[in-house]
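Each residue of the sequence shown is one higher than the one before, counting from 711 in this note's numbering.
All residues carry an ideal CB built from backbone N, CA and C; glycine is no exception.
All values reported here derive from a predicted model rather than from experimental measurement.
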Amino acid sequence: MLDPTRHAVRGDLADVRLADQVFAPHYAAPLSRTVAAAAPMHATGAANSDVLATLSPGDLFELLDVTGELAWGVAPATGLVGYVRADALRVDGTAKLGDKA
């Protein structure tokens, strides 16, 4: 079994780069995002879950899913997988996720 803090695999979704290692009902290709504001990366979507790392402005985040206010994905600098607030991410280096165009 793959470690969910190191491999982007959930019961409903997995990183497409893991398709040869795991079966999932759905796969997602990562979208490159930039961290806009310091953000704790949590192990689960619960606000009181363990903080795996704190991402800094300018860090890369490979976004796999957004549900409500939470983004799930991979922080390549640490190799960790987890949840951050979606509004802490920038779509194109200027606009934050959720901003109106």
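From the DSSP output, in three-state form, read off residue i for me.
i    : result
L799 : strand
V726 : helix
T788 : coil
A718 : coil
A756 : coil
A734 : coil
Going by DSSP, name the residue or residues bridged to residue i.
i    : result
D775 : W782
L712 : Beta-bridge pairing links L712 to no other residue.
L765 : A749
For residue i, collect the residues of the same chain with a Cβ closer than 7 Å to its Cβ; drop the 5 residues on either side in sequence, then sort them by chain order.
i    : result
G768 : T744 and V745
For residue i, which option in the options has the closest C-alpha, if you only look at C-alpha atoms?
i    : options             : result
L765 : G792, Y737 and V726 : G792
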